[in-house]
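*Asks:* Quick one: the structure is below, questions incoming.
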Amino acid sequence: MIFRILNKPELRELFDVLAANRIIGPVQKGTSHDGKPLYVFEPVFDFNELKLDYTSTTRPAKRYFLPSHETLCTFSIHENGWEKSVDFNIHEPHVFFGMHACDINALDKLDKVLLESNFPTPYYAAKRKNMFIIGIECTPQPFCFCRSMGTDSAFHGFDMFLTDLGDRYFVEVQSVAAFNFLKNIKTREPEEKDHARYMELVAEKNRMFTTIVDTTDLAKILDMEFQSDVWKYWGDKCLSCGTCASVCPTCYCYGVEESVDIDLKGAKKKKHLYSCNLIDFAEVAGGHNFRPESHTRLKYRYYHKHRGFMEEFEESLCVGCGRCSEACLAKITVPEVIASVRSGVKPKRRSSRHGK
Amino acid sequence: MPVEKYLGVPLHRPKVAFFEFTACEGCQLQILNNEATLLDFLSLLEVVTFREAMKERSDDYEIAFVEGSITRADEARRLKVIRSKAKILVAMGSCACFGGVNQLKNRFNNLAWVKEQVYGTFPIETEEARPLEDVVPVDLKIYGCPVKKEEVEKIVTNLVLGKSVNHPKYPVCMECMANDNICLYKLGEPCLGPVTRAGCDAWCPGSRRGCWGCRGPADAANVDQIISIMDEHKFSAETIIDRLECFGGFREFAEALKKKTATSKTKKKRAGK
Chain S
8 MIFRILNKPE
18 LRELFDVLAA
28 NRIIGPVQKG
38 TSHDGKPLYV
48 FEPVFDFNEL
58 KLDYTSTTRP
68 AKRYFLPSHE
78 TLCTFSIHEN
88 GWEKSVDFNI
98 HEPHVFFGMH
108 ACDINALDKL
118 DKVLLESNFP
128 TPYYAAKRKN
138 MFIIGIECTP
148 QPFCFCRSMG
158 TDSAFHGFDM
168 FLTDLGDRYF
178 VEVQSVAAFN
188 FLKNIKTREP
198 EEKDHARYME
208 LVAEKNRMFT
218 TIVDTTDLAK
228 ILDMEFQSDV
238 WKYWGDKCLS
248 CGTCASVCPT
258 CYCYGVEESV
268 DIDLKGAKKK
278 KHLYSCNLID
288 FAEVAGGHNF
298 RPESHTRLKY
308 RYYHKHRGFM
318 EEFEESLCVG
328 CGRCSEACLA
338 KITVPEVIAS
348 VRSGVKPKRR
358 SSRHGK
Chain E
143 MPVEKYLGVP
153 LHRPKVAFFE
163 FTACEGCQLQ
173 ILNNEATLLD
183 FLSLLEVVTF
193 REAMKERSDD
203 YEIAFVEGSI
213 TRADEARRLK
223 VIRSKAKILV
233 AMGSCACFGG
243 VNQLKNRFNN
253 LAWVKEQVYG
263 TFPIETEEAR
273 PLEDVVPVDL
283 KIYGCPVKKE
293 EVEKIVTNLV
303 LGKSVNHPKY
313 PVCMECMAND
323 NICLYKLGEP
333 CLGPVTRAGC
343 DAWCPGSRRG
353 CWGCRGPADA
363 ANVDQIISIM
373 DEHKFSAETI
383 IDRLECFGGF
393 REFAEALKKK
403 TATSKTKKKR
413 AGK
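What follows is the structure, given as structure tokens:
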């Protein structure tokens, strides 16, 4: 790894160098009813719009590489036959300017399934191979538990990573592309005091985590607690609305639907991301539903994240970003669900996440 | 030119008729209100009766699209005649599916009083607003107030091609999230999206209007939970009941909540004494 120091005004120069491509970054989209800023990843055309000190985006950057709806192929139908045409839907490279470690780790986990498995998906690969990622250090929020999931820092899967040292950035250079881009702007070798400041900040960040999830032996415990009553408790709360999966940076399950255009001259095969909490996720041909009750579906989501993926890849599929807990109207939070499964005790009162 | 063959197989253009009962005819207007695909839509079908669009009429039809709720005895009789002629009867829109906005009058115990308030002494017959299926069997429902034209087009295309017609079983949240909307609860507005059947592409939430549940409950709708969530978000019982009873799809939940609120009010009163 190469380390550099970048003076703050120089970052704008880097933005301009990269602006020949489409830049996606954190911007503020609105304010919640309790006065908190709401951030999202959106195309950025002006450096001043970027909110690099953002807390967390309400949605992951998933829609740029794993969109909720994607046309896999189209058919043109004529008198006696049809032709198929496939488009991987990659129109331009994307530069992600300011991604947190959890979201970079999420990409690495998606890579394991969608790139490195026996059946890589070209739709994802085409987009993943065409992105440039600038990571940025974050401030842990009350809902973040990435440290517990081992995803509070990123080791690979990005091009460069910035840490705000006050008047300058500490830059980790990971890729050749990043090294070449940095040639266009002024940087310098880090000195002893830069290293010291960096380590100070890292220690400070570590002290800020307030939510801890005990993941010791979690995969085994989940197996042992398959019949636990607590699942029913959470299942009764669940709205089966699929929002947790929609805001999850690693949920990739999907359904495929074919439709014929109204003029009968064309047809489409479309993929849409689905959620294992939706009522018909495990419904098969003939109408049998393997998971008709809400608690069995909710349990399945936890088993996929914290047990199934663990068995396959020696790591959890959850990055601890806390978005699902924040988005869940029924206040079903990962730390609380896991704690209740471990202890077998249902929470006595509702979470006081919103400071009530 | 209507398409005659699809993949070499001759197509049958079904004869269809459109009817309306107690409704605003907005659903039928939706169908006409799509110039870009109207000709393609019409070339799939042979429309024999459509009062809002044409003068000709015929009693020879296979599919009847019926809009509106039933609020008079003669409407019920007419609907039965339509049912006897149509192979497929489609209930189109919230009024036909659940009674729609019309069924709001059913909440008054004294319909004679309602009639007097609305019509004065004008001699008019009106009874409780009922969905079509309270009178005749319904083969297919197309939800929404109004129906979403893209959804109607998809359903009609599938009917003509002999493909199955599937409604989403999940709630509006899935479509709202897919459209990258910010959750209205985060913005402090009530919304029935988490329990209402999807298919509208989160039409209202996408325009920053909370869902009113015009498409009725989704398959696994956890309505009790959304009621307590709305309560936690400090929305009044009145606000919640208004939403639940507006289109008729959530009527039983609205009724239950009304009863519960009434009892808790009496209890509070008693405790106050």
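Listed in order, the protein sequences are those of chains S and E. Each residue of the first sequence is one higher than the last, beginning at 8 in this note's numbering. Each residue of the second sequence is one higher than the last, beginning at 143 in this note's numbering. All C-beta atoms in this analysis are idealised placements derived from N, C-alpha and C, irrespective of residue type, glycine included.
Would you please state the rounded distance, in angstroms, between the beta carbons of residue 322 (chain E) and residue 66 (chain S)? I believe it to be under 8 Å.
*Replies:* 6 Å
*Asks:* So with Cβ pairs under 8 Å, would you call residue 86 (chain S) a contact of chain E?
*Replies:* Chain E, which has a Cβ nearer than 8 Å to the Cβ of residue 86 (chain S), makes this yes.
*Asks:* Quick check on the DSSP output: the alpha helix (DSSP H) that includes residue 172 (chain E) runs from which residue to which?
*Replies:* 168 to 174
*Asks:* With H, G and I counted as helix, E and B as strand and the rest as coil, what does DSSP make of residue 396 (chain E)?
*Replies:* helix
*Asks:* Would you kindly report the start and end of the unbroken alpha helix (DSSP H) that includes residue 289 (chain E)?
*Replies:* Per DSSP, residue 289 (chain E) belongs to no alpha helix (DSSP H) and is neither H nor E.
*Asks:* Does the beta carbon of residue 285 (chain E) sit closer than 8 Å to a beta carbon anywhere in chain S?
*Replies:* no
*Asks:* Leaving out the 5 sequence neighbours to the left and right, which residues in its chain are closer than 6 Å to residue 162 (chain E) when beta-carbon positions are compared?
*Replies:* 209 and 210
*Asks:* What first and last residue would you give for the alpha helix (DSSP H) that runs through residue 367 (chain E)?
*Replies:* 365 to 374
*Asks:* How about the segment 29 to 46 of chain S and the segment 94 to 105 of chain S: do they share at least three Cβ pairs that are nearer than 8 Å?
*Replies:* yes
*Asks:* Could you run through the segment 86 to 102 of chain S and flag, in chain order, every residue whose CB is less than 9 Å away from some CB of chain E?
*Replies:* 86, 87, 88 and 89
*Asks:* In whole angstroms, what separates the C-alpha of residue 279 (chain E) from that of residue 226 (chain E)?
*Replies:* Roughly 10 Å between the two C-alpha positions.
*Asks:* Would you kindly work out how many angstroms separate the C-alpha atoms of residue 291 (chain E) and residue 340 (chain E), rounded to a whole number?
*Replies:* 14 Å
*Asks:* From residue 285 (chain S) to residue 353 (chain S), what distance separates their C-alpha atoms?
*Replies:* 24 Å
*Asks:* Quick check on the DSSP output: what are the complete beta strand (DSSP E) runs of length 3 or more inside the segment 260 to 332 of chain S, in order along the chain?
*Replies:* 261 to 267 and 273 to 280
*Asks:* Please report the straight-line C-alpha distance between residue 171 (chain E) and residue 220 (chain E), rounded to a whole angstrom.
*Replies:* 22 Å
*Asks:* Using alpha carbons as the reference points, say which of E:214, E:182 and E:342 lies closest to residue 271 (chain E).
*Replies:* E:214
*Asks:* Check the Cβ-Cβ distances between residue 285 (chain S) and every residue of chain E, and say whether any is below 8 Å.
*Replies:* Yes - at least one Cβ of chain E is within 8 Å of the one on residue 285 (chain S).
*Asks:* By the three-class DSSP mapping on this structure, what secondary structure does residue 407 (chain E) have?
*Replies:* helix
*Asks:* Taking the beta strand (DSSP E) that residue 80 (chain S) belongs to, which residues open and close that run?
*Replies:* 76 to 85
*Asks:* By Cβ distance below 6 Å, which residues in the same chain neighbour residue 281 (chain E) in space, the five residues on each side in sequence not counted?
*Replies:* Hits under 6 Å: 230 and 231.
*Asks:* Check whether the segment 250 to 257 of chain S touches the segment 332 to 339 of chain S, counting contact only when three or more Cβ pairs, one atom from each stretch, lie closer than 8 Å.
*Replies:* yes
*Asks:* Does the distance from the CB of residue 382 (chain E) to the CB of residue 337 (chain S) come in under 8 Å?
*Replies:* In this structure, residue 382 (chain E) keeps its C-beta atom at 8 Å or more from the C-beta atom of residue 337 (chain S).
*Asks:* For residue 222 (chain E), which residues of its own chain have a beta-carbon under 8 Å away from its beta-carbon, when the five flanking residues on both sides are left out?
*Replies:* Taking residue 222 (chain E) as the centre and dropping the five residues before and after it, the same chain places the C-beta of 277 and 278 closer than 8 Å to its C-beta, in chain order.
*Asks:* Does residue 254 (chain S) come within less than 8 Å of chain E when only Cβ atoms are used?
*Replies:* yes
*Asks:* Over the uninterrupted beta strand (DSSP E) stretch that includes residue 240 (chain E), give me the two end residues.
*Replies:* In the DSSP assignment, residue 240 (chain E) falls outside any beta strand (DSSP E) and lies within the alpha helix (DSSP H) extending over 236 to 240.
*Asks:* Going by beta-carbon coordinates alone, are residue 161 (chain S) and residue 168 (chain S) separated by less than 8 Å?
*Replies:* yes
*Asks:* Please state whether DSSP places residue 148 (chain S) in a helix, a strand or coil.
*Replies:* The answer is coil: DSSP assigns residue 148 (chain S) none of H, G, I, E or B.
*Asks:* Applying a beta-carbon distance threshold of less than 7 Å, which residues of chain E neighbour residue 267 (chain S)?
*Replies:* 299 and 303
*Asks:* Please classify residue 204 (chain E): does DSSP put it in a helix, a strand, or coil?
*Replies:* coil
*Asks:* Taking the straight line between their C-alpha atoms, what separation do you get for residue 13 (chain S) and residue 376 (chain E)?
*Replies:* Distance between the alpha carbons of residue 13 (chain S) and residue 376 (chain E): 48 Å.
*Asks:* Give the DSSP-derived three-state secondary structure of residue 258 (chain E) in the structure shown.
*Replies:* helix
*Asks:* I'd like to know if residue 351 (chain S) contacts chain E, where contact means its C-beta is closer than 8 Å to some C-beta of that chain.
*Replies:* No, its Cβ sits nowhere closer than 8 Å to a Cβ of chain E.
*Asks:* Could you give the first and the last residue of the continuous beta strand (DSSP E) run that contains residue 159 (chain E)?
*Replies:* Residue range 157 to 162 is occupied by the beta strand (DSSP E) that includes residue 159 (chain E).
*Asks:* Mind the definition here: the segment 273 to 287 of chain S touches the segment 306 to 319 of chain E only if three or more C-beta pairs lie below 8 Å; say whether that holds.
*Replies:* Counting Cβ pairs under 8 Å, three or more are found: they touch.
*Asks:* Can you confirm whether residue 352 (chain E), when its beta carbon is compared against all beta carbons of chain S, has any partner nearer than 8 Å?
*Replies:* no
*Asks:* Starting from residue 163 (chain S) and walking both ways along the alpha helix (DSSP H), at which residues does that stretch end?
*Replies:* No alpha helix (DSSP H) holds residue 163 (chain S); DSSP gives it neither H nor E.
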